[in-house]
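In this note's numbering, the protein residues as written are 121 to 288.
Let me begin by presenting the structure, written as structure tokens, before commenting on it.
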Amino acid sequence: MRQLFIAFFMLFAVSAQAETRDPGSHFFQPKFGDFPAELKAAKEQGKKGIFLFFEMDDCPFCERMKSTILNQADVQDAYRAQFLLYPIDVNGDTPMTDFQGKHTTEKAFALANRVRATPTMLFFDLDGKLVTRHTGPTKDKAEFLLLGRYVTEGVYKTEPFTKYKQGK
Numbered sequence: 121m122r123q124l125f126i127a128f129f130m131l132f133a134v135s136a137q138a139e140t141r142d143p144g145s146h147f148f149q150p151k152f153g154d155f156p157a158e159l160k161a162a163k164e165q166g167k168k169g170i171f172l173f174f175e176m177d178d179c180p181f182c183e184r185m186k187s188t189i190l191n192q193a194d195v196q197d198a199y200r201a202q203f204l205l206y207p208i209d210v211n212g213d214t215p216m217t218d219f220q221g222k223h224t225t226e227k228a229f230a231l232a233n234r235v236r237a238t239p240t241m242l243f244f245d246l247d248g249k250l251v252t253r254h255t256g257p258t259k260d261k262a263e264f265l266l267l268g269r270y271v272t273e274g275v276y277k278t279e280p281f282t283k284y285k286q287g288k
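Structure (structure tokens):
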């Protein structure tokens, strides 16, 4: 019994040490709303591409991802090192310019990219080409980090994410 208590205490102590930060200011970046300009910035900064997190108000799965995964400092650092990261409101009327230079709104952009559920995560390469789509929340932080590696390592070119996960 004493060993169980010590193990539980150690687990609690380790999890309490995990650094969390607000995803609004430490994961997502301020966006210009002009994706050709965002692509140019991504290239200049040596990024692998652009990550878009499609969300909506009162989405419990979006909130769970923000409060358990996107708020983790190591997740924020890993994704920011590889991608420019932007939230997109699937119901938003905010004007923007898509990757092809077409003027649109967040809502119309989401529809054009067949976003039907939230969260939906889309990864675009430096040419503005969609390379990976993940619909729904990831199971946990490890799966989210694996999803990022799947894209940065270019595995999306040869196999689906589900198969990649099975091999890890």
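Note that beta-carbon positions come from the ideal geometry of N, C-alpha and C, so glycine has one too.
Could you pull the start and end residues of the beta strand (DSSP E) that residue 251 belongs to? 250 to 255
Touch check for the segment 224 to 244 and the segment 252 to 259: three-plus C-beta pairs under 8 Å? yes
Per DSSP, residue 243 is paired with what? 171 and 252
Is residue 172 buried or exposed, if buried means 16 or more other CB atoms sit within 10 Å of its CB? buried
Which residues mark the beginning and the end of the alpha helix (DSSP H) in which residue 229 is found? 226 to 232
Closest to residue 220 by C-alpha separation, out of 148, 157 and 237, would be which residue? 157
Name the residue from 280, 264 and 277 whose alpha carbon lies nearest to the alpha carbon of residue 198. 264
Whose C-beta lies closer than 8 Å to the C-beta of residue 181 among residues of the same chain, with five residues either side of it excluded? 238, 239, 256 and 257
Proximity below 8 Å, CB of residue 149 to CB of residue 204: yes
Closest by CA to residue 165, which one among 246, 212, 145 and 186? 246
I'd like the span of the alpha helix (DSSP H) that includes residue 266, first residue to last. 261 to 272
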